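Participant:
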Amino acid sequence: MTTQFTQHAQRRHTVAGRHTSGPGTNQSMTRPPRTRKPPTHRRPKRGTSMLQGRDLPGRLSKDMLLDSGVLHAVNEHYAYLTAFSDSLYGRANILSDVMPQTAIACMTTAAWVWCGGVFPTSFDVVSTSHFRKFMMNRPVRTYARHIEPGHIQRIGELQLTSPPRTACDLALLPAHMLFEDGWDAIVHKLMGDYGVTVDECAALLAERRFPPQAKQARQAYQFFGLPVPEYLLEADEEPEPLLP
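Letter 86 of the sequence shown, counting from 1, is numbered 86 in full-length UniProt numbering, and no numbers are missing.
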């Protein structure tokens, strides 16, 4: 019995010695911590405001939640909790889940974050990068504009144009979009909800010395009840594009 106990203790000592480090022995078996590579593209993150079909028990439950208004569908694959869109931070969180990290939301997309309403039918972004033409079945409209840092705000992880800048950008939309699509009411809502003054809009319009279209620039000045600068009155008429 004593011999068996001694042999068993020697075997345990030998095995334990294999896992120690030191002169003449193997190095520690501990693995170095893994470093995760950053993603090369943006995808909706599970567990956030944007839900996928696999996040729900089944198709019937998804249809029931959509019909009852608990969920709002973005496309056939993604939806978000309607309650999230009731707050400024919630709307910013929804967009930050799907938009490229380096892009700045502007125009109609920024207006949705500030004012709510119907989910944007397009993703309007300021960026020098190239993105896919469509994202979640919606066109991505990219503007390579220079924006002063003071005209950019951050809500959570989302960067977007400030309320004054967003109001001026919308006022520069072609007339058929500004008035027929109801963006004029959104401009007034931005000004009322966030205290945007006519003087702020005048300063922002003056910074854009060479707007894309003189006709739309004159329209923006008139929309805010401002005198049109002389150089815009003398500018030649140009064909109206779809967007500024």
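Glycine included, C-beta positions come from ideal geometry on N, C-alpha and C.
The structure presented is a predicted model; accordingly, all values stated were derived computationally and were not measured.
Mind reading off the beta-carbon distance from residue 73 to residue 66? Whole number of angstroms is fine, and I expect it under 8 Å.
Facilitator: The pair is a contact, with the Cβ atoms about 6 Å apart (cut-off 8 Å).
Participant: By DSSP, does residue 225 sit in helix, in strand, or in coil?
Facilitator: In this structure, residue 225 counts as coil in the three-state DSSP scheme.
Participant: List in chain order: all unbroken beta strand (DSSP E) runs of 3+ residues lying wholly within the stretch 114 to 165.
Facilitator: The qualifying runs are 123 to 126, 138 to 143, 152 to 155, 158 to 161.
Participant: Given a cut-off of 9 Å on the beta-carbon distance, is the pair residue 160 and residue 110 in contact?
Facilitator: Contact flag set, yes.
Participant: Applying the criterion that 16 or more other CB atoms from any shown protein chain within 10 Å of the CB defines a buried residue, is residue 231 buried or exposed?
Facilitator: Classification for residue 231: exposed.
Participant: Output the distance between the C-alpha atoms of residue 113 and residue 92, rounded to the nearest integer angstrom.
Facilitator: Straight-line Cα distance between these residues: approximately 6 Å.
Participant: In three-state DSSP terms, what is residue 79?
Facilitator: Strand, per DSSP.
Participant: Does the stretch 140 to 160 come close enough to the stretch 217 to 224 that 3 or more CB-CB pairs lie under 8 Å?
Facilitator: The stretch 217 to 224 vs the stretch 140 to 160: no contact.
Participant: Going by DSSP, what residue range makes up the beta strand (DSSP E) through residue 51?
Facilitator: Segment 50 to 52, the beta strand (DSSP E) holding residue 51.
Participant: Who does residue 71 pair with in a DSSP beta bridge?
Facilitator: Beta-bridge pairing links residue 71 to 81.
Participant: What is the rounded straight-line gap between the Cα of residue 137 and the Cα of residue 106?
Facilitator: Between residue 137 and residue 106, the C-alpha separation is close to 19 Å.
Participant: What do you reckon, are the CB atoms on residue 100 and residue 127 nearer than 9 Å?
Facilitator: Yes, Cβ-Cβ distance for residue 100 and residue 127 is below 9 Å.
Participant: For residue 186, list the residues DSSP reports as bridge partners.
Facilitator: Answer by DSSP bridge pairing: none, since residue 186 is not bridged.
Participant: Mark residue 87 as exposed unless 16 or more other C-beta atoms lie within 10 angstroms of its C-beta, in which case mark it buried.
Facilitator: That one is exposed.
Participant: Just reading off the alpha helix (DSSP H) that residue 96 is part of, what are its end residues?
Facilitator: 88 to 96 is the extent of the alpha helix (DSSP H) around residue 96.
Participant: Let me know the secondary structure DSSP gives residue 105 once reduced to three states.
Facilitator: Strand.
Participant: Around the Cβ of residue 118, are there at least 16 other Cβ atoms within 10 angstroms (buried) or fewer (exposed)?
Facilitator: Residue 118 should be labelled exposed.
Participant: If I follow the unbroken alpha helix (DSSP H) through residue 199, where does it start and stop?
Facilitator: Where residue 199 is concerned, the enclosing alpha helix (DSSP H) stretches over 198 to 207.
Participant: For residue 140 and residue 133, which I take to be in contact (beta-carbon distance under 8 Å), what is that distance rounded to the nearest angstrom?
Facilitator: About 6 Å separates the two Cβ atoms, so the contact holds.
Participant: Mapping DSSP to helix, strand and coil, what is residue 181?
Facilitator: Of the three classes helix, strand and coil, the one that applies to residue 181 here is coil, per DSSP.
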